[in-house]
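Read the sequence shown against the numbering used here and you will find it ends at 348, with the numbers running on by one and no gaps.
Backbone N, C-alpha and C fix where the C-beta goes; we use that ideal spot for every residue, glycine too.
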Amino acid sequence: TRSAIEQAEAALRASEFDRDTVAHTLTAGVATALFQVVARAERVETAKRNLEIARQTLDYAEKQETFGKTSALEAAQQRSNVALIEAQVPALELQRRQALDGLAILAALAPSALAPPRTTLADIPIPFVVPGLPSSLLLRRPDIRKAEASLQAANANIGVARAQIFPAVTLTAERGYSSARLAQLLEPASLFWTLGAGIAVTLFDHDKTMGNVRLSEAKKLELAEAYRGAILAALRDVEDGLAAVRLLAEQESAQAIAVLAAREAQRFAAVRYKEGAVDYLAVLEAQRTLLQAEDGSIQTRLARLNAVVGLFKALGGGIEP
């Protein structure tokens with residue numbers, strides 16, 4: 028009975044850790060959804076800024092075409108470029124709306140009840156990962172704690188199976204037997220024969236009971252390997268998370284330099300085109316490069332924030348002890 032109680036208590040703890048896993052997953056899901064909403068709103072604004080640049084260039088190209096200083100081909104190319112960017116804006120708006128609706132559902136709200144967040148990805152701070160994080164942080168992970176509780180439950184279950192080998196009998200009634208009723212023990216319906224049959228069943232069923240013991244011991248070995256596997260998976264998650272946070276920070280720095288260079292290139296291309304120093308293909312290429320660089324910068328920042336969320340989950344709830 029004591030082993031059964033220990034098994035039940037360990038199973039209860041395992042269920043509680045399942046609940047904690049759901050809570051961690053929900054927390055990470057809300058953060059990721061929020062970042063997605065902000066990122067898609069920024070992508071919409073980026074596309075609109077590039078659309079404004081493209082329209083200004085188109086206006087200039089059409090004036091040049093009117094005065095005969097440029098060809099109809101260059102004006103048509105720019106009209107095509109403007110139309111392509113215009114087609115991107117509603118598609119990005121749809122993605123932003125869908126992301127916002129998804130965030131509302133995670134917050135248990137109706138889709139129309141959640142206002143868009145007034146922030147940018149740059150406004151969201153990224154915590155600094157200090158060196159020397161202790162491995163004991165992994166012990167907070169619900170999956171590891173569940174695997175440990177399941178292993179404890181299996182160990183207690185072995186005690187339950189072993190206890191079944193020994194017959195559990197009550198040698199006396201609540202108040203014992205009196206000498207006046209001693210003769211009744213020899214009757215077939217007496218308690219003696221009932222107990223004897225129970226003992227016989229237990230003894231003759233010994234192989235089955237021993238099989239239950241071996242099964243419980245094998246289950247314990249299986250759960251021990253599962254516990255070891257959970258620890259290895261946790262170490263891999265942490266290593267992947269740390270690598271992603273570090274490498275994406277480097278990528279974001281390089282992407283920021285690329286955006287600055289693309290803006291300068293676009294400005295110089297527009298000026299030199301007006302001066303007649305370059306053809307219109309240089310302007311189109313500069314605009315396309317700028318759009319890709321700015322959009323790529325947003326997505327890199329988003330990936331970096333998501334990597335921090337992944338590290339939060341890997342460490343069982345954050346980098347603080």
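- Separation of E113 and L78 (C-alpha to C-alpha, rounded to the nearest whole angstrom) is 7 Å.
- In the structure shown, D45 falls within a helical segment according to DSSP collapsed to helix, strand and coil.
- Straight-line measurement puts the Cα of A334 at about 6 Å from the Cα of V272.
- Judged by DSSP in its simplified three-state form, I132 adopts helix.
- Within the same chain, N333, V336 come within 7 Å of T59 by CB-CB distance, once the 5 residues on both sides are set aside.
- Using a 10 angstroms sphere on the CB of K90, the tally of other CB atoms stays under 16, which defines it as exposed.
- DSSP places T147 outside both helix and strand once states are collapsed to three, so it counts as coil.
- Of G95, L342, A257, A66, the smallest CA-CA separation from L269 is found for L342.
- In the structure shown, G303 adopts coil according to DSSP, grouped into three states.
- Take the alpha-carbon of E33 and the one of E252: they are about 21 Å apart.
- In the three-state reduction of the DSSP assignment, T52 falls in the helix class, which pools H, G and I.
- Between F339 and A55, the alpha-carbon positions lie close to 8 Å from each other.
- With a cutoff of 8 Å on beta-carbon distance, F44 and K246 are scored as not near each other.
- By the Cβ-count criterion, A137 is exposed, with fewer than 16 other Cβ atoms from all chains shown falling within 10 Å of its own Cβ.
- T59 sits in a helix when the DSSP states are folded into three classes.
- In the displayed model, R168 falls within coil according to three-state DSSP, outside both helix and strand.
- Residue environment: S163 is assigned as exposed (fewer than 16 neighbouring CB atoms within 10 Å of its CB, all protein chains considered).
- Within its own chain, the residues whose Cβ lies closer than 7 Å to the Cβ of R168, once the five positions on either side in sequence are excluded, are A261, G343, listed in chain order.
- For E277, the closest of A330, E72, L311 by C-alpha to C-alpha distance is A330.
- By the C-beta density criterion, Q105 is buried, having at least 16 other C-beta atoms within 10 angstroms.
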